[in-house]
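In my numbering, the protein residues as written are 4 to 902. Glycine included, every Cβ here is placed at the ideal spot set by N, Cα and C.
Written out as structure tokens, the structure is:
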């Protein structure tokens, strides 16, 4: 409509209305505008009626406010290639440039808003939240964006996701609050809802639980508005809201406050706003009796007679209009340079070309904020973070931070309900204590149960317990692994002091005997004992005692090599000499039964050859062992003392000699001992005065008793926690006792006679060997045991023999029985009593072996080199892996770190 023919190009008016876009026409004369279709409120200057004309083709649209309306409008406008600029639609789906390619907006999409909300939740260390959305594009797409961002960033779980219907039924909000209360740990509620839905939700929460339980995070639909929290201030206290960065436009305030019914007739909704704002009615017919509503007087004033708050979208409406104007202006400069008004090139505006100019605009908006668009037509994300606070009965939205690509919060300005500064919790599960892993609840990664890493496990990460390496054990909190302490038999230990004391006494006694024999080397008793074999036997006895020091010394390559050589060699030398002696006696008397001729190989030289031949067999076995395994290793065995309680676990430093190898090493000596015992039994009928048959017999009987006690003690304690101490002590004491028996029964009587009764150390009548054999044979035939004189009385020599026999047998029997009982008592029970009384912490069950593969038990050991090995750091015993057999692993390490 028009009342004058004058016109101007591209001059348009915009009307702020609910979900009503403003259309831009390519030819819109300023004098042809009206706010009503009938034009009754517009009069021309000449007084004539207005001329109503149809509008020109629309080339651009400003709006709409609601995302759902913008989506419907955009679907239509894209068909006609008409650009659209929205000032309030923030739905993320409008960023889809393939579906809404002609849509742009001066506000950031909810994708940025959702990211800002996720950043706030993570900053407060909340990981369990609920969401509430109003049904529609804005609410549903906003919540979807929040859930998607929370999943992408991780660490935030959704307890409940509730939708508010467009037309909620009575009690609907109470049901929503009850659903939210089903998860009491999820105190934070993220809202993408309309103002009315927010207000009703706060009212329902107030009725259900009162203030303080829920912490609200509101979107820009809540922002800093008063209406959602009116009369619900206590329930909204502490709520964090978000709003695109904006500033109030003072010029708009002055303009809007000055509006009255008289000067704003062109806005067809202004009269309705007037009635609602001042709670009055313009028409008398609309008044009802008793309603309490007054009639409007037209003297009311906005901001004076009612509360006034500038709508937050005013800045963006102005920026949207200016964006379209700048695009048209730039397009006019390019297509119509130097021209005023439209040129033929702009008579028919190309929508695609205008869209390119819109996307290229870059200017400072009305609030001083740059206005730009990205490739999808979205404005950059700039938000202010508010918190609704109540201080001294003063209620306000306080700015606590902002978000521009990342979150910035001023923590000192944050206040929670009741004025508290402590951040409320909203987590599904409490953090696990050190050494506890998180066992996640299926489908809810933020919820978990805490499980203790037990045994030899440590916490590898928050969800995984792993076994420590075989040479490590967990620390007290099971958060890391630490080296297992390494033990060995110390010289100061009671387990070592007793064997060492016995060995020192034995070595001293052996040297005493040797010195005595050397000094009285030519006396009859020394000669009669067989000097050559006696020295060989004494050498073996000395080596048996010396073995104790090798067994207690710190294992290394040298010590382990010497153990291989001398552990069985001393016993082999001793029993080879004794076997040679008993064999000689046996052969002499057996030969006497058959003939009076002397047996062969009974000379001292022959006896030495036989003895050294027997010793050579032991040395040959040792050489074969060195040939098969040339490098004797010192290993750290972590299985022997791997107790159920990791704090008591120990690694045992020892030589790599298995029980089977030990049996083979001592087996030959045992064979010699058994053979010697057999010969001692066969020669038990030899006359008392002949050589050493009886003392050798007593020696072998006692030795057999000792080793019969040794075998069950040694192998029966293989599963004991004190295996290292018991077996080493048992072995050393058994070897020392065997040497002591030989030394005491064979040589101490001779030394006693030589030193105390030298009158008995005289030569007897010399007889040839043939005569000795004959006499022995005849004695066996004609002189019964206990020969008497013709009157039936025992002879003087016979009586003396019986007397000595009584002493020797009684002493030997009692000592043998006592030694057997002492060995059994000391080695079987004393270690247990020692552990129970002195080390009760070790009185715990041993850890069960972990089956690996098909039931095989892995025995973990660590190899130690004394020299030439790779240098490693102290405590970190990592090296080259080498397989031992099928089940053991050996690691090289530096022995110096164990000493």
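Hey, residue i and residue j: beta-carbon distance below 8 Å or not?
| i | j | result |
| --- | --- | --- |
| residue 111 | residue 93 | yes |
| residue 130 | residue 449 | yes |
| residue 683 | residue 658 | no |
| residue 437 | residue 377 | no |
| residue 148 | residue 86 | no |
| residue 244 | residue 301 | no |
| residue 372 | residue 253 | no |
| residue 348 | residue 358 | no |
| residue 590 | residue 605 | yes |
| residue 313 | residue 223 | no |
| residue 63 | residue 89 | no |
| residue 539 | residue 576 | yes |
| residue 355 | residue 189 | no |
| residue 283 | residue 271 | no |
| residue 405 | residue 440 | no |
Could you round the C-beta distance between residue i and residue j to whole angstroms and report it? I think they count as a contact, below 8 Å.
| i | j | result |
| --- | --- | --- |
| residue 582 | residue 617 | 7 Å |
| residue 374 | residue 387 | About 17 Å; that fails the 8 Å criterion. |
| residue 194 | residue 157 | Not quite, the Cβ-Cβ distance comes to about 23 Å (not below 8 Å), so this is no contact. |
| residue 103 | residue 97 | 5 Å |
| residue 459 | residue 227 | Not a contact, Cβ separation roughly 58 Å. |
| residue 442 | residue 451 | 6 Å |
| residue 502 | residue 732 | 6 Å |
| residue 231 | residue 260 | Going by Cβ atoms, the distance from residue 231 to residue 260 rounds to 24 Å, so no, they are not a contact pair. |
| residue 550 | residue 738 | 6 Å |
| residue 196 | residue 204 | 7 Å |
Indicate the three-state DSSP secondary structure (helix, strand or coil) for residue i in the structure shown.
| i | result |
| --- | --- |
| residue 127 | coil |
| residue 277 | helix |
| residue 366 | strand |
| residue 609 | helix |
| residue 90 | coil |
| residue 69 | coil |
| residue 457 | coil |
| residue 394 | strand |
| residue 438 | coil |
| residue 699 | helix |
| residue 446 | coil |
| residue 163 | strand |
| residue 645 | coil |
| residue 103 | coil |
| residue 136 | strand |
| residue 283 | strand |
| residue 313 | coil |
| residue 591 | helix |
| residue 523 | coil |
| residue 143 | helix |
| residue 464 | strand |
| residue 332 | helix |
| residue 192 | strand |
Around the Cβ of residue i, are there at least 16 other Cβ atoms within 10 angstroms (buried) or fewer (exposed)?
| i | result |
| --- | --- |
| residue 630 | exposed |
| residue 687 | exposed |
| residue 390 | buried |
| residue 761 | exposed |
| residue 626 | exposed |
| residue 578 | buried |
| residue 142 | buried |
| residue 74 | buried |
| residue 571 | buried |
| residue 424 | exposed |
| residue 640 | buried |
| residue 561 | exposed |
| residue 350 | exposed |
| residue 411 | exposed |
| residue 1 | As shown, the chain starts at 4 and ends at 902. That puts residue 1 outside it, with no answer to give. |
| residue 680 | buried |
Touch test, the segment 363-374 against the segment 320-332, Cβ-Cβ under 8 Å, three pairs minimum:
yes
Answer yes if the segment 464-480 comes into contact with the segment 504-514, meaning at least three C-beta pairs across the two stretches below 8 Å, and no otherwise.
no
Counting Cβ pairs, one atom from each stretch, are 3 or more of them under 8 Å apart for the segment 521-534 and the segment 750-759?
yes
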